[in-house]
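S.K.:
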Ligand SMILES: [Zn+2]
Ligand SMILES: [Zn+2]
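Residue numbers (full-length UniProt numbering), protein chains in the order written: chain A, 1 to 548; chain B, 1 to 345.
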């Protein structure tokens, strides 16, 4: 039945990979994407397939040259002035694509090389001197066509934003190699090296190569889109606070501790606070929970954590100012056995036992059990939910007591029931052109609130308008520009928008003194004039109430 | 010779306007796109092939039409029209007075599409050029390559029993892509807005293949595997339901940039434009031999700066087609039905 037999794609060599990227980048349907991938996994060379899995799950060879060099080499070849290159880059929004579009037509194409050949070459190049790097990269540009160049550049710069979810890739692989999707999801997560791993090792039916670090795929909840009463008998449900942190798994296997984020990033070294667990947790334990900034069992605002996430090495000062704890809410592996099939009730009992044993050690333990909220009726729970922000939570989680721990985002057994966002009315003061499809429209705006007779900018916000509204705002910007600073236009302060956000924190990097979390445009207040917007004092008040 | 006024490009010696955006006594029209040909003026001068399109879009007015290279004298100014290659009837306007020559390009493209007349380089002292795609990232592939992509895409849809819906501006692009479509199938349907233009052009003697109008009575069976040509506004309207299962492809120069194509949420984007690309603009400007260049609608600041650095005397000019056309095109891509786009039958 598979329609994939009709796909007239080549899967050969680098051209094959480039056409795969092309198809995945333009087809909108999940089925088409899955078909294209599974066709590729059926026909392409094994070495290339391993790299495709790696690249689409966020692994790529170490970067060998920086953007400036790539930009300079391209400007040199094309003879374009730097300002014009930058203007192009700004319009396209992607360096690799800008270069691919600007380079002249390729010379006669050389011998077709494979994806893994290029990657091996790039890996070898990491130790080379700059002239050798330049030689290889500019030579390659000369042989590849526009689509292939784009893909080659993305191998160097990273970030294939082509919209292949892990789920699509796992399903395509599952279709190709006849293994269960969850098994594949588990195999391709974790810490494996695409340079040394063979396709057959990665996806054979015998036991996985002994990789003790591998996390389980996370079970993700959908946002509750109905009244909770529709979930039926409250007795069948467990409620917890929804914490605002980084979802993570703590793994202890083979006497070693691993910390994974939901983005499947190994973050063990970023959280030295957890090291104490290496000795205390029993072997064969996997905890699922939230990595949160917190002092004792009191969570701190997420922004506190942001100050240290980006850093490679955590300083002593950061450890003191932004301490991290772990709120555990599930147990996935107990005594070396995968217990995800067991009901939540059972897993929770075992989890409590493990965390209690930790506390019994007498040491200061950064792990807490995310408490269960007891409630009799949905109305009572709704009232409790109103207190979420006071406790530093975003709302509630509802989990069916009998639910197994599933893979990925599944509807039915787990729901998040978040608080409505905070909002503030503000006026647009700057506009900048967007990227990608919107590269010709002014879609990135900066907003201000009133402070006496002045306007004070406090946030940027992007999403949230319809295409039609974007076009209208864009037309307004073009007709009402006051000044132009590079790509930014100062706009007559006239359009009022409601900005929604999830959290607020004090910040001395911002003129307004506050930083918002997840700011977005929630609606265009055509009914309001700039005289009716909120004030800086209003913002400060929100900071007092929610920013602690 | 030409002054840039708030009503449009004005020739004081001849006392007429070119593509004015406000009603005037006497308007010379380069082509029938809505941002260049606006209603309300007392009299219009245009090319013979633009005339029926103006009648369709602006209704009855005082019109005068001429052929290419047929000079007309207006108050002593020698005016002639020359093919611009943009859409059917599209013309550059050449003005000569007291030995001085100015040319306004209107919208143009340098690649010959076989329908619009081949762009004619006209020597002049001062050239006023458009710059819709005035950045070097906009370097088009040869149209035959894009046509082949479109044909292959249609074939692939047919093999999946899908209808191919091609989104194209109803005047210009919609006629142009018929060449690519006809290479695969004669089973071609059109949205009412496209069909009206098509019929008008056929009646004016343009040899276009026959297409059928989609009506509520069109049997679904007949639409299976067919090609439907629709204006941008139709893409996200319920009108599309009738074609299920279908795939949507957009033909527009903006599709050159990947993110643009991807986020427009269509199945395929074809970078096919009726405007000159970067090399085309430079080549056209060069061929005029003009020392002075005014750059209008599009990336005027980038193009004029580049020309200045190349030793030409160039300046940007703000026109209302500048902004409006950009917005109009994008608006339409964004699925907003503009005033004169489709009735949804
Ligand atoms: Zn036009
Ligand atoms: Zn135009």
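We treat Cβ as the ideally placed atom computed from N, Cα and C, and that holds for glycine.
Sort out for me which residues DSSP pairs residue 433/A with in a bridge.
M.R.: The count along the first chain starts at 1 and reaches residue 433/A at position 433. Per DSSP, 442/A.
S.K.: Are any of the Cβ atoms in chain A nearer than 9 Å to that of residue 254/B?
M.R.: Position 254 of the second chain, counting from 1, holds the residue named residue 254/B. It does: the Cβ of residue 254/B has a partner Cβ on chain A nearer than 9 Å.
S.K.: Classify residue 327/A as buried or exposed, calling it buried when 16 or more other Cβ atoms lie within 10 Å of its own Cβ.
M.R.: Residue numbering aside, residue 327/A sits at position 327 when the first chain is read from its first letter. With 16 or more Cβ atoms within 10 Å of its Cβ, residue 327/A is classed as buried.
S.K.: Measuring only the C-alpha atoms, how far is residue 260/A from residue 350/A?
M.R.: Counting from 1 along the first chain, the entry for residue 260/A is found at position 260. Counting from 1 along the first chain, the entry for residue 350/A is found at position 350. When rounded, the distance between both Cα atoms is 21 Å.
S.K.: Determine the closest residue to residue 135/B out of 45/B, 257/B and 127/B, with distance taken between C-alpha atoms.
M.R.: Here the question's residue 135/B lines up with position 135 in the second chain. The shortest C-alpha separation from residue 135/B is found at 257/B.
S.K.: Nearest to residue 60/B by alpha carbon, out of 304/B, 156/B, 9/B and 41/B?
M.R.: Numbered from 1 along the second chain, position 60 holds the residue referred to as residue 60/B. Checking every option, the nearest Cα to that of residue 60/B belongs to 41/B.
S.K.: Does the beta-carbon of residue 47/B, which I'm using as the reference point, lie nearer than 8 Å to any heavy atom of ligand 2?
M.R.: Numbered from 1 along the second chain, position 47 holds the residue referred to as residue 47/B. The answer is no for residue 47/B.
S.K.: Can you say whether residue 337/A is buried or exposed, counting buried as having 16 or more other CB atoms within 10 angstroms of its CB?
M.R.: Working through the first chain from its first residue, we reach residue 337/A at position 337. When all chains shown are included, residue 337/A counts as exposed.
S.K.: Under 7 Å Cβ-Cβ, which residues of chain A neighbour residue 306/B?
M.R.: Translated into positions along the second chain, residue 306/B becomes position 306. Going along chain A in sequence order, the residues near residue 306/B (Cβ under 7 Å) are 84.
S.K.: Which residues in the same chain as residue 4/B place their Cβ atom closer than 6 Å to its Cβ, once the five residues preceding and following it in sequence are excluded?
M.R.: Numbered from its first residue, the second chain carries residue 4/B at position 4. Cβ neighbours of residue 4/B beyond the five flanking positions: 317.
S.K.: Tell me residue 148/B's beta-bridge partners as DSSP assigns them.
M.R.: Taking the second chain and counting its residues from 1, one reaches residue 148/B at position 148. Looking at the DSSP assignment, residue 148/B forms no beta bridge with any residue, so it has no partner.
S.K.: Please tell me whether, using a cut-off of 8 Å, the distance from the CB of residue 87/B to the nearest non-hydrogen atom of ligand 1 is below it.
M.R.: Against the second chain, residue 87/B aligns to sequence position 87. At least one heavy atom of ligand 1 is nearer than 8 Å to the Cβ of residue 87/B, so yes.
S.K.: For a cutoff of 9 Å on Cβ pairs, would you count residue 311/B as touching chain A?
M.R.: Locating residue 311/B in the second chain gives position 311, where the first residue counts as 1. It does not: the Cβ of residue 311/B has no partner Cβ on chain A nearer than 9 Å.
S.K.: So, does the stretch 421-437 of chain A touch the stretch 487-501 of chain A, judging by three or more C-beta pairs under 8 Å?
M.R.: Yes, since at least three Cβ pairs between the stretch 421-437 of chain A and the stretch 487-501 of chain A fall closer than 8 Å, the two stretches touch.
S.K.: Excluding sequence positions up to five away, which residues of its chain have a Cβ less than 6 Å from the Cβ of residue 22/A?
M.R.: As a first step, residue 22/A is located in the first chain; it is residue number 22 there, counting from the start. The answer, listed in chain order, is 147.
S.K.: Residue 81/A CB to nearest chain B CB: under 9 Å?
M.R.: By 1-based counting over the first chain, the position of residue 81/A is 81. Closer than 9 Å: yes.
S.K.: On the premise that residue 188/B lies in contact with residue 232/B, defined as a C-beta separation below 8 Å, what is that separation, rounded to the nearest angstrom?
M.R.: The sequence position of residue 232/B within the second chain is 232, counting from 1. The sequence position of residue 188/B within the second chain is 188, counting from 1. Residue 232/B to residue 188/B, Cβ: 18 Å. No contact.
S.K.: For residue 326/A, list the residues DSSP reports as bridge partners.
M.R.: As a working mapping, residue 326/A is identified with position 326 in the first chain. BP columns for residue 326/A point to 291/A and 367/A.
S.K.: For residue 11/A, which residues in the same chain have their Cβ closer than 6 Å to its Cβ, ignoring the five residues on either side in sequence?
M.R.: In the first chain, the residue the question calls residue 11/A occupies position 11. Excluding residues within five positions, the ones whose Cβ falls inside 6 Å are 40, 43 and 44.
S.K.: Determine the extent of the beta strand (DSSP E) in which residue 278/B is found, giving its start and end residues.
M.R.: Position 278 of the second chain, counted from the first residue, corresponds to residue 278/B. From DSSP, residue 278/B is part of no beta strand (DSSP E) but of the alpha helix (DSSP H) over 278-288.
S.K.: Does the beta-carbon of residue 315/A have 16 or more other beta-carbons within 10 angstroms, so that it is buried, or is it exposed?
M.R.: Numbered from 1 along the first chain, position 315 holds the residue referred to as residue 315/A. Exposed is the call here.
S.K.: With the cut-off set at 9 Å, would you say residue 330/A and residue 288/A are in Cβ contact?
M.R.: Walking along the first chain from the start, residue 330/A turns up at place 330. Walking along the first chain from the start, residue 288/A turns up at place 288. It is a contact, given that the beta carbons lie within the stated cut-off.
S.K.: Would you identify the three-state DSSP class for residue 114/A, choosing helix, strand or coil?
M.R.: If you number the first chain from 1, residue 114/A lands on position 114. Reduced to three states, the DSSP call for residue 114/A is coil.
S.K.: With 9 Å set as the bound, which would you pick, yes or no: does the beta-carbon of residue 37/A sit closer than that to a beta-carbon of chain B?
M.R.: Position 37 of the first chain, counted from the start, is the residue given in the question as residue 37/A. False, the Cβ-Cβ gap to chain B never drops below 9 Å.
S.K.: Would you list, in sequence order, the uninterrupted alpha helix (DSSP H) runs of no fewer than 4 residues that lie entirely inside the stretch 482-545 of chain A?
M.R.: With a minimum length of 4 residues, no continuous alpha helix (DSSP H) run stays inside the stretch 482-545 of chain A.
S.K.: Less than 8 Å between C-beta atoms, sequence neighbours within five positions excluded: which residues of the same chain meet that for residue 376/A?
M.R.: Looking up residue 376/A in the first chain gives position 376. The residues are 234.
S.K.: Would you give the residue range spanned by the beta strand (DSSP E) that residue 260/A belongs to?
M.R.: Translated into the one-based positions of the first chain, residue 260/A becomes position 260. Residue 260/A -> beta strand (DSSP E) spans 256-261.
S.K.: Taking Cβ-Cβ distances shorter than 7 Å, what residues in chain B pair up with residue 390/A?
M.R.: For the purposes of this step, residue 390/A is taken as residue 390 along the first chain, with counting starting at 1. Neighbours of residue 390/A on chain B: none; closest Cβ ~39 Å, over 7 Å.
S.K.: Could you check whether residue 384/A and residue 549/A sit closer than 9 Å to each other, using their CB atoms as the reference points?
M.R.: In the structure displayed, chain A extends from 1 to 548; residue 549/A sits before or after that span and is not available.
S.K.: Using three-state DSSP, classify residue 7/A as helix, strand or coil.
M.R.: The residue given as residue 7/A occupies position 7 in the first chain. Model confidence at residue 7/A stands at a pLDDT of 47, short of 50, so the residue's coordinates are unreliable and nothing is read from them.
S.K.: Of all the options 6/B, 64/B, 30/B and 133/B, which has the alpha carbon lying nearest to the alpha carbon of residue 82/B?
M.R.: Position 82 of the second chain, counted from the first residue, corresponds to residue 82/B. When each option's Cα is compared against that of residue 82/B, the closest is 30/B.
S.K.: Confirm the yes/no value for this check: CB of residue 82/B, any heavy atom of ligand 1, distance under 8 Å.
M.R.: Translated into the one-based positions of the second chain, residue 82/B becomes position 82. Checking every heavy atom of ligand 1 against the Cβ of residue 82/B, none is found closer than 8 Å.
S.K.: Check for me: the alpha helix (DSSP H) holding residue 195/B runs from which residue to which?
M.R.: Mapped onto the second chain, residue 195/B falls at position 195. That run of the alpha helix (DSSP H) goes 192-203.
S.K.: Could you tell me the boundaries of the alpha helix (DSSP H) in which residue 381/A lies?
M.R.: For the purposes of this step, residue 381/A is taken as the residue at position 381 of the first chain. Its alpha helix (DSSP H) spans residues 378-385.
S.K.: Compute the minimum distance between the beta carbon of residue 172/B and the heavy atoms of ligand 1, and state whether it is under 8 Å.
M.R.: For the purposes of this step, residue 172/B is taken as residue 172 along the second chain, with counting starting at 1. Residue 172/B: yes, Cβ under 8 Å from ligand 1.
S.K.: Specify, as a first and last residue, the run of the beta strand (DSSP E) that residue 398/A falls within.
M.R.: As a working note, residue 398/A is residue 398 in the first chain. Segment 393-400, the beta strand (DSSP E) holding residue 398/A.
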